[in-house]
Structure formats: structure tokens, C-alpha cells
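Participant: Encoded as C-alpha cells, here's the structure I'll be asking about.
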Amino acid sequence: MSVTETMTDSTTARTSRTVVSDPFGGILAEGFVPGAGIDFRNFQTCVHCGLCTSSCPTYIELGDENDCPRGRIYLMRAVAEGRVQVDATIRAHLAKCLDCRSCETACPSGVHYSQLIEPFRMDLEEHLAKRFDLFRDTVLYHLFPYANRIRLALTPVRIMQKLGLYNWLEQKGFFDWLPGRVGRMATLVNAPVPSGPRLPEFLPAKGERRARVAFFTGCVGDAMFRHVHWATLRCLQENGCEVVIPRGQGCCGAIHYHAGSREGGKMFADQNVAAFASVLNEVDAIICNHGGCGAMLQEYPNYWKDDQQEARRRFSEKVVDINAFLDDLGLVAPRHPIRMRVTYHASCHLAHAQGVHDAPKRILHAIPGLDAVPLDEEEICCGSAGTYNLNQPEMASRLMDRKMERIAMTGADAVLASNAGCLLQIEREIRRRHLPLGIYHPIELLDCSYTGQPLRR
Ligand code: SF4
Ligand code: SF4
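For the sequence shown, the numbering used here begins at 191 and goes up steadily by one.
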């Protein structure tokens, strides 16, 4: 049932009275209008040209106008204006969006699509958050964002991996019997992760100091990719950077924010801003090495409007991706040859949210002996997209198949990606398909070229 009497002004969609059908069978709330608070000019910037459609992974796969950026903008605008009620169908089309932001790169009109879909979905999620969701309210909110808890939870996994038991269970399909998202997550954490010592608070530059930077460690990045953190730190030192690693920092906040907890995301944002406050004025940049985290850190000022906004803006404008930073600084020439063929998969939030397209490839091309070959549809999402692969397994798996086909066509020995989610998702597929392929962060190769150490197997 939907009853609407609509009044729209030039900046904000306002609906005076709306009763919305609950996609799960009840009534959401009288007067609840998802997207009503969105700046209406964001909708108006879209001129419906459709130039974004061919860059949208879900449209490429499904060919349905409702599953492309233009169609989704139509749907959200219609709901925000009170012309259409939110029902299960609309919600499904919006839920299928990966928030990969490929459409933002493609759009010639400068539509900030994420500033439409994110607050719209946040409205819906916050409204439905009153329902208890076991996975979200335990694993997602209380495990994932905490590196120490992840490490602890992974201890039995690591022991079973050492005994060969975890692989055996995975090969026998045991995890397929676990309920939904838990089973899917169990296969993602089977990556053979090298451990690394705790990160220090300070590392000196090698040779003449060219910059002083702070380093963001994150949660999953620190628990599962500490070897990438160490490679990043060594590369920074090699490039004449002094590094400080402030204590007290935490998850970037993206896990909470994208799962529908505006307040949870804000709590982590404020924690990080506070943790870096004492070094902010003395560093040239805050370095982040995972595309999704970096995008979140850079966009703090867009998400919350309160008296902390200026502090968040000062923090965010210093956040730089490691590839972009070294590329801008002027890379100290890598020394040792790495004789292999690699291909680069672009993390969506690195490419489309941070706008870092070519820096990782320039770094790879600088490594002697490395044959870096282009990947068809390099900037199309692999289906990982934060927790999308857990919540939308069918589309995630279609996109993964598409990505793996294209990786195979390159004949590469290894695939490279600058984001934890992509690395985990692609690694799982490599393992499942028994492919003779390596998977690395690009900075791992740069580090090996500096140190002369062999790449981890
Ligand atoms: S989002 Fe941009 S590219 Fe897509 S239809 Fe609107 S104006 Fe055109
Ligand atoms: S964010 Fe990605 S999946 Fe969503 S509409 Fe844009 S291109 Fe499509």
C-alpha cells in the first residue's frame, strides 16, 4: 500500500506523507521516505544519456535497465519524490548495485552516483536495522573491524591449514553446508597468509629523507595482509620516506557504514581522526595500501555533517594510496629483475573512487624483467565489493567467472590487485580452480625488486 502527497523543492526531495510496503511483508513506517534527505541536485545532474550503462557490471551481465546506473537513478528519484513505493523488486535492483562506482568514471556529466545510492541504501538499512541479523550484528560489526579479534578467530583456521584439514574440508564441500554467509566467508579466509611481526611506531628513511608520512593499518588489512603492510613500509623507506604509525587507529569504518550503521562508521572515523591528530601537521601524507579503505578515509567529510567535519576534512585530504604516492614522489628505480608475466586487476575503489588508474601499472613497468600485460575489462568489478560477495553470491560469482576468464586469456603467471577484498576473492577462485596462478599486491613485487628476495609462494 502506498499513499503519497508529494512536494518537491529544488534541493531536497520531500514527501509529506508516505506509507511504504515493507519488502519483507509488513509496513516500514508511515512517513518514511528513503532518499528524502538526498541533495536533489545530485539527481538532476543525471541527463539520462546512458553513457554509463556499458561500464556497469550488473548491466553488462543482466542487460536490464533497472540494473544500470541510469535505471537505478530513476528508481531512487521516483521513490524520493514519493511517486513510487519501495517494494521488494526495487530493493532487489538497488541491492544488486556493487557500489563499484564504475559509472562515475564513465559519466561525462559528473554524477556522483555514490552520493545517491549510499544514503538511499543507508536509509533503508537503518530502517530495517531494528531487525536482528545474526551475521551482521555479530561477525560484521564485532569481528571484522577489529584486527586482533580477526587474528584470534583465525587461529583454529591456521592450525587446520597447517594440518591440511581446512583444504580437505573445503575440497569435500563441507563449507557449502554451513549457513549462507558463514559458509561463503569460511572459504574466503583459507588464504595461506604469511605472518609478520607487529608494526613499529616509527621507521626511518633510507638515505636522504624525501618525505615524512603516516601509515594507516586498518583491520582486515592488518590481520590478513600484514606482509603487504611490511612490503609497503620497506618500499616507503627505500624511497626516502620516514614513517610514523600512530597507535589507536582502527577500521576505516567502511564495514559498518556500508552495512547500514552510520553511527558505527562515524565512531571509527572519529577514532582515526583522533589517532592521527598529533602527527597530522608534520606528515606529507597518510598512506593507505588497500583501495576500499583509502576511498573511505578520503570521503569522511561526505558522510557526516557535524562539528567534527573540519577535522575530518583535514585528515581526509592527506590520505593517499601507496601506488599514487610513490608514483608522484618519483620512484627510486627498482633493482632486481622479476622474470614473470603479470596482469593487473583494478580495485573499484582505487580506480573509480580514488581516481588512481595508471600509477600501479607505471610502477610495475618500472620493475626490470617484469612482463606486465593488459587485462581486458581491467576496471570492471570482480564481484568482491566489500561484503557484496557474501550478500549477493549469484552476481558475485558471475562477475568472478567473467574476471577469471579474462585473467586466463592474458597467459599471466600472477594477477595483481591493490585491495584486500579483490585479493581474497581472486585467491579463492585460483584455489578452487587449481590454477597455477599467483596473486599479489603490486607493492609486494616492488618490494621484492628492491630487496632481491624471492616472491612468496
Ligand atoms: S549517470 Fe551520467 S552517464 Fe549515466 S545516464 Fe546519468 S548523466 Fe548519463
Ligand atoms: S556503482 Fe557499479 S554496479 Fe552500481 S550502478 Fe554504478 S557501475 Fe553499476
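Positions of the beta carbon are idealized from the N, C-alpha and C atoms, including for glycine.
Keep in mind the model is a prediction, meaning the values are calculated, not measured.
1. Could you round the C-beta distance between Tyr331 and Gly454 to whole angstroms and report it? I think they count as a contact, below 8 Å.
2. What does DSSP give as the partner residues of Thr533 in its beta bridges?
3. Measuring straight from C-alpha to C-alpha, what distance separates Gly576 and Ala337?
4. Tell me whether Thr266 is buried or exposed, calling it buried when 16 or more other Cβ atoms sit within 10 Å of its Cβ.
5. So, for His480: in the same chain, excluding its five sequence neighbours on each side, which residues have a beta-carbon less than 6 Å away from its beta-carbon?
6. Assign Arg592 to one of three DSSP states: helix, strand, or coil.
7. Using CA atoms only, rank isn't needed, just tell me which of Leu324, Val269, His526 is closest to Arg311.
8. Can you say whether Glu195 is buried or exposed, counting buried as having 16 or more other CB atoms within 10 angstroms of its CB?
9. Relative to ligand 2, is the shortest distance from any of its heavy atoms to the C-beta of Thr577 smaller than 7 Å?
10. For a test of your reading of the model: does the CB of Asp289 fall under 7 Å from any non-hydrogen atom of ligand 2? Yes or no.
11. So, helix, strand or coil for Cys431, using DSSP?
12. Taking buried to mean at least 16 other C-beta atoms within 10 Å of its own C-beta, is Phe505 buried or exposed?
13. If you run the structure through DSSP and keep just helix, strand and coil, what is Leu393?
14. For ligand 1, is there a heavy atom less than 7 Å away from the beta-carbon of Pro298?
15. In whole angstroms, what is the alpha-carbon distance linking Glu391 and Phe406?
16. By how many angstroms is the C-alpha of Arg452 removed from the C-alpha of Ile217?
17. Sorted by chain position, which residues of the same chain lie with C-beta nearer than 7 Å to Met350's C-beta, five sequence neighbours on each side aside?
18. Starting from the N-terminal side, write out each stretch of the beta strand (DSSP E) that is 3 residues or longer and does not extend beyond the region 490 to 562.
19. Tell me whether the beta-carbon of Ser299 lies closer than 8 Å to the beta-carbon of Asp289.
20. According to DSSP, simplified to helix, strand and coil, what is Phe148?
21. Just checking my contact of Cys425 with Ile633 at CB under 8 Å: how many whole Å lie between their CB atoms?
22. Under 7 Å Cβ to Cβ from Glu428, same chain only, skipping five residues before and after it: list those, please.
23. Classify Ile570 as helix, strand or coil using the three-state DSSP reduction.
24. Comparing alpha-carbon positions, which option in Met414, Asp460, Leu378 lies nearest Cys442?
25. For Cys246, verify whether its CB is less than 7 Å away from any heavy atom of ligand 2.
26. In the DSSP assignment, find the alpha helix (DSSP H) that holds Tyr578 and state where it starts and stops.
27. Looking at the unbroken alpha helix (DSSP H) that takes in Tyr336, where does it start and where does it end?
28. Can you tell me whether DSSP reads Ile477 as helix, strand or coil?
29. Does the pairing of the region 524 to 532 with the region 490 to 502 give three or more beta-carbon distances under 8 Å?
30. For Arg301, name the three-state secondary structure that DSSP assigns.
31. Mapping DSSP to helix, strand and coil, what is Asp254?
32. Going by beta-carbon coordinates alone, are Cys571 and Ser245 separated by less than 8 Å?
33. Using a threshold of 7 Å, is the CB atom of Ser292 nearer than that to any non-hydrogen atom of ligand 2?
34. For Arg341, collect the residues of the same chain with a Cβ closer than 6 Å to its Cβ; drop the 5 residues on either side in sequence, then sort them by chain order.
Facilitator: Short version:
1. 6 Å
2. Val563, Val605
3. 16 Å
4. In the sequence as presented, Thr is not what sits at residue 266; that position holds Met. Answer is buried; the Cβ neighbour count reaches 16.
5. Gly411, Asn609, Ala610
6. helix
7. Val269
8. For Glu195, the predicted structure reports a pLDDT of 31, less than 50, and the residue's modelled location is therefore unreliable. The matter cannot be settled from this model.
9. no
10. yes
11. strand
12. buried
13. strand
14. yes
15. 11 Å
16. For Ile217, the predicted model reports a pLDDT of 44, less than 50, meaning its position is unreliable; a value from the coordinates is still stated below. So the two alpha carbons sit approximately 23 Å from each other.
17. Tyr356
18. 509 to 511, 531 to 534
19. no
20. Absent from the model: residue 148. The displayed extent of the chain is 191 to 647, so no value can be given.
21. 6 Å
22. Lys396, Val522, Tyr640
23. coil
24. Asp460
25. yes
26. 578 to 581
27. From DSSP, Tyr336 is part of no alpha helix (DSSP H); its letter is neither H nor E.
28. strand
29. no
30. What sits at residue 301 in the sequence shown is Val, not Arg. Note: Val301 maps to coil in three-state DSSP.
31. coil
32. no
33. yes
34. Ala413
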